[in-house]
Structures are given as C-alpha cells and as structure tokens.
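Asker: Got a structure here, written out as structure tokens. Questions coming.
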Amino acid sequence: MTRFAQFLVSTATTGSVLALIAVGYNLVYSTTRVINFAQAYVLVAASYTAFYFSFTRPRGSTGAKVDGLGWPIGFALIAAVVVSTIVGVIVYYLALRPLGRFDPQTNIGWILTTFSLGILVDYSVRKIFGSDPQPLAPLVKELFGREGFQPAGALLRPNDMLVIASAIVIVLVLEVMYARTMLGKAFKAVAQDPTTAGLMGINSRQIIILSFAFAGAIAAIGAVLLAPSLGGVRPDAFFLLGIQAFIAATLGGLGSTQGAIVGGFAIAGVDKALVALSPTFSRYQGFVLFGLFAVVLILRPTGLYGQRTVEKV
Amino acid sequence: MHGDRERDFIERQTDREISRRAFARWATKAGFSSFALASVMPSVLAACSSEAAKAAKTTAPGIAGTTGTTGQAGPAGPAADCEQPLKGSNDNLRFGVVGIFSGPGAFVGRIVEASLNAAVAQINKGGGVGGRKVEWIKKDAGVDPTAGVKIYNEFASSPDVSAVLWAGAPGLDESREQIRKDGMPIMSFYNDQYSLGRLYEGPGTAGEREIFQFVQPDIWAHEVALRYAKEDRGYRSAAHMYDAILDTNGITKTWFERAAEKVGIKNAGSETFQLVDTEYGQQLQRLRSARPDVVYIDGLSQNTAAIAQSLQALGAEYRDRDAVLGPEWHPHIFGSPGGTGERTWADLAGDAAKSGTITAWHAGGLIYLPEFSIRQWMKEFGIKEFPTGGEELPADGLYTAARAIEDAQCLDREAIIKAVESGGRRKFASVDYEFTETSHLARTIDDLIVVVLEKNATPVSTDPPYALGREFKDVFPGGYTGPTHLVRPTLEANTRRYPDVMKTVIEQGFGTQCTKNPAGKVGVGVTMTKDCKIH
C-alpha cells in the first residue's frame with residue numbers, strides 16, 4: 040500500500056514539475072507555432088535571480104562569485120518573476136523578431152535563434168555566478184512544524200504540495216483565460232492566423248509578446264519551486280528537465296494547456312512505474328521515454344490533446 | 409622536390425602537422441633529399457653538445473621538489489637517440505589539459521584551474537624546466553566523451569604539447585587505443601582506470617603504458633569506508649544509491665558489491681536515481697523496508713544534498729550511532745568524494761547535512777598540514793580560491809610530467825614515460841609518491857583516509873565529547889563547514905605509509921581525533937577509542 044501511495048505521490052510531483060515547464064512551451068507555441076528552446080534557460084535565469092536576491096552568505100563561501108541581497112525567499116520569487124518576464128520578452132525580441140514574418144514550418148531559423156539564445160543565457164549565468172550549484176531555500180520548508188508528511192506512508196513534502204498545487208492552478212487559470220476572456224480569444228486568433236487577427240483589430244505582436252512574458256513569469260514560479268528539490272540552482276539544472284518537458288508538451292499536444300498536464304503526468308507515470316518495478320530500471324528511462332514518444336506520435340501525430348488542422352488545397 | 413614542399417606534401421597526405429625532426433627522420437628513411445637532414449642538423453648538434461651531456465648530480469634548477477630517492481642521478485643530458493632535446497628551444501613547455509570546466513562537473517574544473525595555476529607559478533618561479541617556462545592549455549570536454557576524444561587528438565597532433573593532463577573529463581577510455589598509438593604520456597588526476605581493471609601494471613598487463621594515475625581508486629574508497637562502517641561502527645548492513653546518468657553501466661554498484669563482500673557487511677541493495685530527479689520517494693521507501701545502517705550515495709553534491717533532505721523529511725536523518733543501531737531507521741550517510749567530499753553539498757543540504765557524514769580520500773589531500781606546499785602556493789600566487797580538497801593531484805600531475813622532462817632532458821614521448829617510471833619517489837604538492845615500470849598508480853591502499861563532515865566549526869554535543877582539529881582554528885575560515893580528516897579508522901595504515909605526516913597530525917592535533925581526553929588534548933599518547941557516537 041505504501042509503495043502504491045508513493046508511486047502516486049511521486050507521479051503527481053514529477054508530473055507537475057514537467058507540466059509547469061511544458062506550459063511555458065505551450066504558451067509560446069500557442070501564439071507563434073514556434074517551440075521556444077530557450078525556455079529551459081529562462082528557468083535558469085529565474086532560478087539564479089531568486090538565488091541572487093535571497094543569498095545570505097559572503098561571496099566565495101559556496102563558490103559563488105557574487106554577494107547576495109539576503110531577501111526573504113518570497114520577495115526573491117517576486118523579483119524572479121519580474122526578471123524572467125523581462126527575459127522572456129527579450130527572447131522574443133532577440134530570437135524571433137529579427138526573423139520577421141515567417142512560416143515556422145518552412146523557415147526553421149527559430150530553432151537556431153532560440154537555442155543560441157539559451158546557450159547565451161547559460162554562458163552569462165556561469166560568468167556572473169560561477170558554475171557551482173548554489174543553495175536556494177524552498178518557499179515552504181515546513182508546514183505545521185513538519186518537513187514531510189506521510190499519507191499512507193508515502194513521502195510528501197510541503198514544497199512538493201506547492202508544486203502540485205501550482206501546476207494545477209496555473210493550468211486552470213490558463214484554461215479559463217483561453218475559454219472565457221477576450222485575451223484568451225485573442226491568443227487563439229493569433230495562433231490561427233496573425234494576419235486575419237490583425238484585420239480584426241487584434242495587435243498580434245502584442246499578443247505574442249504577452250505569451251513570451253507569461254511563459255517567463257511561469258518559468259520563474261517553476262524555477263523557484265523546483266530548484267530546492269533539484270539540490271540547488273545550477274546552470275545545467277533545467278536543460279535535461281526542459282527536454283523531458285518538451286516531450287511532455289508534444290505528447291500532450293503542443294499548444295494545449297490540458298495536454299501539458301496530461302503529457303507531464305503520462306511521462307512521470309511511466310518513469311515512476313519503471314522505478315517501482317525495479318531499482319535499476321531507471322537506467323532505461325531515456326529509452327522508454329523516447330520510445331513512448333515515438334509510438335504516440337506515430338499513432339497520433341498531433342499529440343493526445345492536439346488538434347488536427349486540415350489544409351485545403 | 410624542395411624540402412619544405414616535401415614536408416607540405418607529406419602533411420597533406422597524413423593530415424597532420426609534422427615536426428621538422430619527424431619529417432627528417434622519415435625523409436631519410438624514404439630516401440628523400442638531403443635538405444631534410446639539413447633542416448634539423450643544428451638541433452641534432454646541440455643535443456650532442458658536451459655541455460648537454462654533462463651529468464648533473466643534484467636536482468636541476470627550476471623544478472621545486474626533490475627526487476628524494478637513491479639511484480636518481482639527476483638530469484644527465486638527453487639520450488643519444490633523443491629527437492627533441494629539452495635545450496633545443498626556448499619555447500614554453502606546454503601541457504594540454506582535458507578537463508571539465510562546464511556542466512554538472514564544473515566544480516572539478518575549478519579545483520584543477522586553481523591547482524595548476526599555483527603549480528605553474530611555483531615551477532616558473534624557480535626558472536621553469538631547463539630554463540623553459542611551463543604553461544598549460546585549458547580545454548573543456550564538459551560531459552561529452554567525444555569532446556574529450558577530440559581534444560586529446562588535437563593535443564596529440566600538436567608538436568608543442570609534451571604531455572596531456574587528464575583532469576576527470578570523459579573520453580579517456582575512448583582514447584586509449586589512440587593514446588597507445590601516439591605514445592603520448594598521460595597524467596590522469598581524477599579518472600580511475602585502476603578500478604576498471606585497465607591500469608598498466610607491467611608488460612603483458614591490460615592498460616596503456618602511457619597512462620599514469622594519481623587519484624586513489626574508487627574501489628578502494630568503497631572498501632575503506634565500508635570497513636570503517638563494519639569494524640569501527642559495528643554496522644550490520646549497507647545500501648547503495650547511484651546516479652544512472654553519470655554511471656550508465658552501474659560500475660559503482662559493482663565496486664560497492666565487491667567492497668561489501670570483501671569487508672563482510674551485508675549488502676542491503678542498490679537504488680538508482682537520475683541527475684535531474686526532483687524526488688526520491690520510491691527509492692527511499694524501498695530502502696526503508698530494507699533498513700540498512702548505511703546509505704552509500706555515489707552521486708554529485710546536489711543529488712546527495714537532495715537525498716539527505718528527503719531522508720530528513722521522512723524522519724530518517726542521521727543522528728548518531730545509537731540511533732543507527734536503534735529501532736527506528738536513521739541510516740549513516742556515506743558518499744563519494746564528489747558528493748559528501750565536496751564542501752558545497754553541506755551548503756546545498758542545509759540542516760539536513762549532518763556532522764559525521766563520511767567519505768574517503770587520501771592522506772595527500774590534507775592540504776592544511778604545515779608541511780604541504782600547495783596551500784602556501786595558492787596564497788602566494790594570489791589564488792583566492794579556498795582549497796576544497798583534491799588540489800594536490802593536478803599539481804602533482806603537472807610536476808611529474810615536468811620533472812620527467814627535466815630528468816630525461818628530452819621531450820620525446822617515450823623518454824618522458826621512461827623518466828616517469830624511473831624517477832623514483834617524488835614530492836611536490838603534498839605527500840610523496842612513486843611510479844615504477846610495474847606500477848602506474850601513485851597511491852597505495854594505506855594512503856586512504858576517512859573524511860568526515862564537521863559543521864560551523866563546532867563539535868556536535870555528544871557523550872563522550874570530541875574536539876575538532878586545530879585546522880578549524882588555524883587554517884579554515886571562521887564558522888567553516890566542510891569535510892575534514894577523521895583520524896582514528898585508518899591511523900595504523902596511514903602511519904605505515906607516511907609516518908612523518910601522521911606524526912604531525914597526532915602531535916599537533918589536526919583532524920577529528922575523537923579522544924576521551926578533555927578537548928584540546930594533543931600530542932603522543934592520546935587515546936582514540938570507538939566510543940564516539942558521531943564518528
């Protein structure tokens with residue numbers, strides 16, 4: 040019973056982690072049809088921003104090259120949200136805007152520009168802060184005086200609860216936005232046809248910028264929640280997770296917020312099932328993950344929640 | 409064909425830059441023009457000069473450190489067949505470094521950089537090698553074995569690189585065959601060929617004669633740590649956790665299993681995790697069922713910290729030996745040098761990092777001891793990095809290669825390798841070490857020490873109490889948290905190997921000595937018992 044409960048908790052936690060990152064990919068994709076490969080590095084920038092604002096030790100003591108500001112972690116999160124929102128917008132201006140009007144399906148320059156920008160962020164972070172992992176306090180370390188709870192014997196930490204809750208809330212907010220607000224409708228309109236949306240009075244560029252800004256803000260929330268569980272902030276922390284989250288987003292259907300959650304939980308479920316089966320099966324995680332990815336895309340190319348578009352010739 | 413055009417022609421065929429000397433040798437054999445011979449005659453004549461041929465009885469100027477052994481006559485001039493005499497040029501001697509300067513292992517690169525900068529400054533301060541300054545060329549392989557291979561090939565095909573220093577980067581295994589073909593001397597600081605059964609141990613054995621290993625074998629580290637668990641602590645079982653991304657073949661699991669069997673402690677199982685895991689619940693639940701007294705984590709500092717935090721959240725944090733052996737599960741955490749041996753893991757783990765957490769290293773890593781040079785160099789040459797441990801190995805590696813060139817008075821690869829093997833006992837950064845024709849490993853198992861985490865420069869309040877070593881007062885910055893020497897478990901073996909070093913440790917009160925005497929008691933006759941509950 041404990042092992043099954045742990046499987047559920049681990050799946051929910053890891054699935055939420057992937058969903059939080061996948062949502063960022065989907066937001067940008069929903070307006071541009073472009074996959075923002077810099078998204079993982081926006082998380083890195085956000086996590087280091089939070090580190091800088093909250094770090095209390097003198098520089099050099101942990102290999103860090105900077106003196107932190109020593110703010111409470113909550114305020115550091117706010118600062119990280121502000122900074123990574125700006126970083127998200129900068130990614131648009133540097134990686135996409137120079138490409139002008141283009142069809143993402145035929146002009147794939149965006150792959151190079153978003154990737155390159157991500158590497159630039161990685162390099163900058165290393166130069167400024169150093170390459171050593173740095174501590175970041177969790178937003179909530181204890182709840183009711185306890186560092187961990189054990190529902191049915193499974194380990195559930197306050198930070199894990201926050202990750203799960205955040206993923207659900209963010210997905211719900213976005214779903215409501217898309218379904219019930221003019222802004223959401225504008226997002227969908229720009230995704231379908233920016234030119235026609237423009238003719239309808241929608242400022243397509245503003246909507247696209249907003250999508251990058253939202254993706255940046257969500258990245259900050261994800262980064263601050265996830266970094267403590269990863270053992271600290273570090274330049275490479277979100278690269279591998281970013282790949283897994285991209286697979287989750289694609290599996291669930293690019294552009295679909297629901298798909299992000301479903302994709303994230305699907306991947307986490309398979310991963311945790313492997314771990315539950317045998318202690319050494321996680322060595323095959325990559326093989327299984329990409330195998331599952333290939334199978335789903337063969338059977339359903341648009342992903343589980345993706346919508347098929349019919350092109351009239 | 410004109411000599412230079414001949415050389416260009418050959419270079420195009422082989423896609424390699426060919427030294428003038430090598431070209432001359434080949435050209436002679438191939439029957440090309442005598443111009444080829446003339447191009448290298450001045451160097452050949454210089455190498456045969458009577459001045460270069462004079463035997464030197466003392467250590468040549470420029471290399472700090474001594475040969476320290478009998479039978480070592482010092483540089484006697486290059487051998488007659490030396491193609492690249494040391495004195496044939498005034499160019500800097502260059503050593504290529506294949507390192508990890510980015511990615512999850514970047515902390516290794518930081519240690520290497522600080523160490524090599526100090527070593528180079530020290531050697532050059534003394535005039536260099538045969539009057540030639542020494543420099544190192546930094547190349548980053550990150551976590552990519554193909555990058556390591558590519559970098560090695562670049563170094564091997566460069567006539568300016570005298571030896572390659574392999575600083576923990578991937579790609580060494582993949583390069584072995586090419587290394588053998590090239591005959592390139594390799595000083596391997598952190599890559600562990602011995603534990604993989606691939607270190608050269610004389611003619612007819614596996615491994616490449618070109619490779620010399622400085623780091624203690626990981627397989628020994630597992631054995632020493634588990635022996636401490638069984639014989640010193642009285643623990644009954646140990647479980648293993650390792651990173652399946654960094655160790656895809658599970659080699660550390662094999663080492664753990666062998667060490668547990670050899671030591672006679674029960675193997676309570678093995679779990680894997682991934683570098684990017686954000687939770688370890690399933691693995692820890694399985695371990696909780698098995699109730700091992702020790703959890704041995706083979707992973708980097710960030711994962712080790714995250715696992716320690718998870719254990720604490722589970723209410724299973726390490727407290728002391730009584731708690732380990734008691735009814736609830738509070739395993740003692742052991743880790744790898746890159747995990748619990750890294751100072752940053754305690755910063756990352758916060759209060760989940762407990763004093764008493766264990767790893768293994770070697771006695772030369774006690775770089776706070778007054779007789780070890782490296783700490784002083786790092787201060788003297790303006791290297792502000794506070795040593796984290798491990799800095800002695802890159803410095804020794806560079807020195808060994810430089811010293812071999814000095815001894816051989818020759819830059820030929822074969823000559824360097826022979827000189828390393830016949831150079832006798834050497835001493836540079838910390839302890840002395842030796843390579844021979846049948847041993848390409850600088851360490852013996854008696855070198856190994858147990859290392860323990862102490863926090864905030866304060867001993868844990870326990871009964872009987874223990875005192876911290878004087879390094880916390882005299883060397884470490886105030887409030888230091890980090891690994892330090894746990895003296896008792898390997899004292900006998902260490903004393904056999906390095907009697908003078910251990911005399912300093914005991915008499916001057918370095919390391920955690922866990923005595924029953926009042927705090928502050930140092931000197932000979934100190935009683936160390938196993939009564940200490942923390943370590």
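These protein sequence lines map, in sequence, to chains H and X. One rule links them: number in this note's numbering = place in the first sequence (from 1) + 39. One rule links them: number in this note's numbering = place in the second sequence (from 1) + 408. Built from N, CA and C at the ideal position, the CB exists for glycine as well.
Alpha helix (DSSP H) containing V83 (chain H): first to last residue?
Answerer: Q78 to S93 is the extent of the alpha helix (DSSP H) around V83 (chain H).
Asker: Report yes if the C-beta distance between D640 (chain X) and P897 (chain X) is below 8 Å; otherwise report no.
Answerer: Yes, Cβ-Cβ distance for D640 (chain X) and P897 (chain X) is below 8 Å.
Asker: Looking at T686 (chain X): is its Cβ nearer than 8 Å to the Cβ of R322 (chain H)?
Answerer: Cβ atoms of T686 (chain X) and R322 (chain H): not closer than 8 Å.
Asker: Tell me, please, whether the CB atom of V48 (chain H) is closer than 8 Å to any CB atom in chain X?
Answerer: True, the Cβ-Cβ gap to chain X drops below 8 Å.
Asker: State the start and end residues of the unbroken beta strand (DSSP E) segment that holds E618 (chain X).
Answerer: Neither: E618 (chain X) is in no beta strand (DSSP E) and is coded neither H nor E.
Asker: What is the residue span of the beta strand (DSSP E) that G689 (chain X) lies within?
Answerer: From DSSP, G689 (chain X) is part of no beta strand (DSSP E) but of the alpha helix (DSSP H) over G689 to A698.
Asker: How do the stretch 264 to 275 of chain H and the stretch 284 to 297 of chain H stand: do at least 3 beta-carbon pairs fall below 8 Å, yes or no?
Answerer: Because the criterion of three Cβ pairs below 8 Å is not met, the stretch 264 to 275 of chain H and the stretch 284 to 297 of chain H do not touch.
Asker: When the distance is taken between beta carbons, is A724 (chain X) closer than 8 Å to H738 (chain X)?
Answerer: Contact: yes.
Asker: Strictly by DSSP, which residues pair up with F742 (chain X)?
Answerer: Paired residue(s): X:Y704 and X:I766.
Asker: Chain H partners of P802 (chain X), CB-CB under 7 Å?
Answerer: Going along chain H, no residue has its Cβ under 7 Å from P802 (chain X), so there is no contact; the nearest lies around 17 Å.
Asker: To the nearest angstrom, how far is the alpha carbon of G946 (chain X) from that of I587 (chain X)?
Answerer: An answer regarding residue 946 (chain X) cannot be provided, because it is not within the stretch 409 to 943 covered by chain X.
Asker: Counting contacts by CB-CB distance shorter than 8 Å, is M40 (chain H) in contact with chain X?
Answerer: With 8 Å as the cut-off, M40 (chain H) does not count as an interface residue toward chain X.
Asker: Do the stretch 495 to 508 of chain X and the stretch 548 to 567 of chain X make contact, defined as three or more Cβ pairs closer than 8 Å?
Answerer: Yes, they touch.
Asker: At 8 Å on the CB atoms, spell out the chain X contacts of G261 (chain H), in chain order.
Answerer: Ordered by position in chain X, no residue passes the 8 Å Cβ test against G261 (chain H), which lies about 11 Å from the chain.
Asker: Suppose contacts are defined by Cβ-Cβ distances below 8 Å. Is A258 (chain H) in contact with A61 (chain H) by that definition?
Answerer: Their beta carbons are not under 8 Å apart, which means A258 (chain H) does not touch A61 (chain H) by this criterion.
Asker: Does DSSP put R833 (chain X) in a helix, a strand or coil?
Answerer: Correct three-state label for R833 (chain X): strand.
Asker: Are S49 (chain H) and A176 (chain H) close, meaning C-beta to C-beta below 8 Å?
Answerer: Contact flag unset, no.
Asker: Please classify V212 (chain H): is it buried, with 16 or more other beta-carbons within 10 angstroms of its beta-carbon, or exposed?
Answerer: It is exposed - the Cβ of V212 (chain H) has fewer than 16 other Cβ atoms within 10 Å.
Asker: Span of the alpha helix (DSSP H) holding D908 (chain X)?
Answerer: Run containing D908 (chain X): P907 to Q916, per the alpha helix (DSSP H) assignment.
Asker: Can you find a C-beta in chain H that's less than 8 Å from the C-beta of L654 (chain X)?
Answerer: Output row for L654 (chain X): interface = no.
Asker: For F43 (chain H), count neighbouring C-beta atoms within 10 Å of its own C-beta (all shown protein chains included) and say buried if the count is 16 or more, exposed if not.
Answerer: F43 (chain H) is exposed by the Cβ-count criterion.
Asker: Mind checking the stretch 660 to 690 of chain X against chain A and listing, in chain order, the residues whose C-beta falls within less than 9 Å of any C-beta there?
Answerer: Note that chain A does not occur in the displayed structure, where the protein chains are H and X.
Asker: May I ask you to verify whether the stretch 222 to 237 of chain H touches the stretch 104 to 114 of chain H, counting CB pairs closer than 8 Å and requiring at least 3?
Answerer: No contact exists between the stretch 222 to 237 of chain H and the stretch 104 to 114 of chain H.
Asker: Under 7 Å Cβ to Cβ from L634 (chain X), same chain only, skipping five residues before and after it: list those, please.
Answerer: Correct list, in chain order: A646, A667, A668, V671 and I673.
Asker: Chain H beta carbons: is any one of them nearer than 8 Å to that of A698 (chain X)?
Answerer: False, the Cβ-Cβ gap to chain H never drops below 8 Å.
Asker: What does the alpha-carbon distance come out to for the pair A487 (chain X) and I619 (chain X)?
Answerer: C-alpha separation (whole angstroms): 22 Å.
Asker: Of all Cβ atoms in chain H, is any one closer than 8 Å to the Cβ of N711 (chain X)?
Answerer: So, interface residue.
Asker: Given L338 (chain H), which residues of its chain have a CB within under 8 Å of its CB, disregarding the five upstream and five downstream residues?
Answerer: Excluding sequence neighbours, L338 (chain H) sits near nothing in its chain.
Asker: Please list the partners that Q324 (chain H) has in chain X, where partner means a Cβ-to-Cβ separation under 8 Å.
Answerer: Per Cβ cutoff of 8 Å: A652 and Q682.
Asker: Decide if the stretch 114 to 126 of chain H is in contact with the stretch 243 to 263 of chain H; the criterion is three or more beta carbon pairs, one per stretch, under 8 Å apart.
Answerer: Yes, the stretch 114 to 126 of chain H touches the stretch 243 to 263 of chain H.
Asker: Taking the beta carbon of G745 (chain X) as the centre, do at least 16 other beta carbons fall within 10 Å, making it buried, or is it exposed?
Answerer: Going by the sequence as given, residue 745 (chain X) is Pro instead of Gly. Its Cβ being crowded by 16 or more others within 10 Å, P745 (chain X) is buried.
Asker: Using the beta-carbon count (16 or more within 10 Å), is L683 (chain X) buried or exposed?
Answerer: Its Cβ being crowded by 16 or more others within 10 Å, L683 (chain X) is buried.
Asker: Using a Cβ-Cβ cut-off of 6 Å (strictly less than) and excluding sequence neighbours within five positions of E842 (chain X), which residues of its own chain qualify?
Answerer: Counting only Cβ-Cβ distances below 6 Å, and skipping sequence neighbours, we find R833.
Asker: Counting only Cβ pairs nearer than 7 Å, list the residues of chain X close to D199 (chain H).
Answerer: Here the neighbours are E687.
Asker: DSSP beta-bridge partners for V537 (chain X)?
Answerer: For V537 (chain X), which the question treats as bridged, DSSP gives the partners X:R540.
Asker: Given that a residue counts as buried once 16 or more other Cβ atoms are within 10 Å of its Cβ, and exposed if not, what is A305 (chain H)?
Answerer: Under this definition A305 (chain H) is a buried residue.
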